[in-house]
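Participant: Residue numbers (our numbering), protein chains in the order written: chain C, 12 to 215; chain U, 12 to 215. For glycine and all other residues, C-beta sits at the position ideal for the given N, C-alpha and C. One structure, pasted below without further comment.
There are 2 protein chains.
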Amino acid sequence: MAPDQQRGGATRRRGAALEDAILRAAAEELRTAGYASMTMDRVAQRAGTNKNAIYRRWPARAALGVAAYCHLADAELRVPDTGTLRGDALALLRAANATWSSPQGAVLRDLLAAAADDPGLLTLLREQAGGSSTDAAWLTLIGRAVARGEAAAGAAHPRVASVPMALLRGEYAVRGLPEVPDEVLTEIVDEVFLPLVRGRAIDV
Amino acid sequence: MAPDQQRGGATRRRGAALEDAILRAAAEELRTAGYASMTMDRVAQRAGTNKNAIYRRWPARAALGVAAYCHLADAELRVPDTGTLRGDALALLRAANATWSSPQGAVLRDLLAAAADDPGLLTLLREQAGGSSTDAAWLTLIGRAVARGEAAAGAAHPRVASVPMALLRGEYAVRGLPEVPDEVLTEIVDEVFLPLVRGRAIDV
DNA sequence: CTCATAAGGTACGCTCCGTACCCTAAACTC
DNA sequence: GAGTTTAGGGTACGGAGCGTACCTTATGAG
Chain C
12 MAPDQQRGGA TRRRGAALED AILRAAAEEL RTAGYASMTM DRVAQRAGTN KNAIYRRWPA
72 RAALGVAAYC HLADAELRVP DTGTLRGDAL ALLRAANATW SSPQGAVLRD LLAAAADDPG
132 LLTLLREQAG GSSTDAAWLT LIGRAVARGE AAAGAAHPRV ASVPMALLRG EYAVRGLPEV
192 PDEVLTEIVD EVFLPLVRGR AIDV
Chain U
12 MAPDQQRGGA TRRRGAALED AILRAAAEEL RTAGYASMTM DRVAQRAGTN KNAIYRRWPA
72 RAALGVAAYC HLADAELRVP DTGTLRGDAL ALLRAANATW SSPQGAVLRD LLAAAADDPG
132 LLTLLREQAG GSSTDAAWLT LIGRAVARGE AAAGAAHPRV ASVPMALLRG EYAVRGLPEV
192 PDEVLTEIVD EVFLPLVRGR AIDV
């Protein structure tokens, strides 16, 4: 009773309309209470429907969670352009840090854990959250630095491009959940990323 | 009924003996079936006791899981000494990869997810699995390379020392669960770690 | 108008966590 | 060695939550 979504008339939604209502309800649940509280009953109630309609579309709770997260996080990644390699790197790292330290980041971590045994769901999540798109951003960023003469030519390597994000993720894994302080970000850039990208040519 | 541990006589275990039996049972459950199957009832049955005795010692299932894991994984970390920086780095990375790709690594990942909301448990786990001890190993390894003239003096930096393990963890996060191939390890060493450690002096 | 399809409603089985209660064996005290 | 405290054993239960079954009822297509 008392569904949160508008179910004004006695009309009965079908197909895409109902699917969208379910996804909205699940995403809202994720946003406000997290994955642990996104129970099937709550989602069904919030969407003004019942679990049957959900299970006809998603085989399990984790699948709905991933779908709702993808529906929720449609963030497009803008590659910063500050003019310097250091500025670009810091901007990209700070953006990632903001995302990961937000409640949305906690949801993402929970989902990654919940989908650990489902390769299909994992790929979906990786596409959405810091997957290939982020690596591509770092590569273009390095490429621009190479063009400016700020970095060695061989630095535009995928493995090199993945270093800052890996270190940031490491901070989240090592520390508990709070935000990573900005000093850590600058240290990653100044002590690892810049030396690696600049000095890399000498022994290639 | 039919406890797996020897409960031959009518003797009733107490204190440390019982605690040890519970830990053994939980560790065995972790080893053979994983954390998901380590239910409190199963552990109690396998230890030949009941849940009461468990909950008097550990407040929740996650706490028991962490304790059992620490009991199970008493691996001491030996710092390799192959004579070259590259050999040492590869050896350390391969050892970590072996651990993480084993069933024990899967248990560790499950536990990390389960203990995500308990800072105390997280610190316990980090001590056990690739925490400060691993960073220390990498630091000594770099220190020896510096002494041999294989690395720049400023390379013995904690942040630098954490790079290879962070990249390895990144591989596990990005890919699903299988083992990380050896080519990735050599690429981490050759494309990132060695250039970083060797060439780092030029702009310090 | 008829009818297949899909949504709604509801109840249920199952697993598992964590707790409560009472009984009894072991250890400690004197 | 008898009494007392402590802690383990047995069992049952409440509650949450996932996933399923079954039937009823509205919707839209032919």
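(1) Counting only C-beta atoms, is residue 54 of chain U closer than 9 Å to chain C at any point?
(2) Apply the 10 Å Cβ neighbour rule to residue 85 of chain U and answer buried if 16 or more other Cβ atoms are within range, or exposed otherwise.
(3) Using Cβ-Cβ distances below 8 Å, what residues of the region 172-200 of chain C are close to chain U?
(4) Residue 69 of chain U by DSSP, collapsed to three states: which one?
(5) Please report how far the alpha carbon of residue 54 of chain U lies from the alpha carbon of residue 48 of chain U, in whole angstroms.
(6) For residue 98 of chain U and residue 162 of chain U, what's the separation of their Cα atoms in angstroms?
(7) Could you spell out where the alpha helix (DSSP H) holding residue 131 of chain U opens and where it closes?
(8) For residue 171 of chain C and residue 202 of chain U, which I take to be in contact (beta-carbon distance under 8 Å), what is that distance rounded to the nearest angstrom?
(9) Are the C-beta atoms of residue 210 of chain C and some chain U residue less than 9 Å apart?
(10) Give the secondary structure of residue 173 of chain C by DSSP, where H, G and I count as helix, E and B as strand, and everything else as coil.
(11) Would you decide whether residue 78 of chain C is buried or exposed? Buried here means 16 or more other CB atoms lie within 10 Å of its CB.
(12) So for residue 144 of chain C, helix, strand or coil by DSSP?
(13) Is the separation between the beta-carbon of residue 108 of chain U and that of residue 30 of chain U shorter than 9 Å?
(14) Please return the same chain residues whose Cβ sits closer than 8 Å to the Cβ of residue 45 of chain C, not counting the five positions on each side in sequence.
(15) For residue 154 of chain C, collect the residues of the same chain with a Cβ closer than 7 Å to its Cβ; drop the 5 residues on either side in sequence, then sort them by chain order.
(16) Taking residue 176 of chain C as the reference, give the member of C:128, C:100, C:134 and C:139 with the closest Cα.
(17) What residues in the region 65-83 of chain U bring their beta carbon closer than 8 Å to a beta carbon of chain C?
(18) Determine the burial state of residue 94 of chain C: buried for a count of at least 16 other Cβ atoms within 10 Å of its Cβ, exposed for fewer.
(19) Could you tell me which of U:183, U:145 and U:173 sits nearest to residue 124 of chain C, measuring between CA atoms?
Facilitator: Checking against the coordinates, here is how it stands:
(1) no
(2) exposed
(3) Here the close residues are 173, 174, 176, 177, 178, 180, 181, 184, 185, 187, 188, 198 and 199.
(4) coil
(5) 10 Å
(6) 14 Å
(7) Counting along the chain, residue 131 of chain U sits inside the alpha helix (DSSP H) bounded by residues 130-139.
(8) 6 Å
(9) yes
(10) DSSP places residue 173 of chain C in the coil class of the three-state scheme, outside both helix and strand.
(11) buried
(12) helix
(13) no
(14) 114, 117, 118 and 121
(15) 167
(16) Per the Cα distances, C:100.
(17) Within the region 65-83 of chain U, no residue has a Cβ that lies closer than 8 Å to any Cβ of chain C.
(18) exposed
(19) U:183
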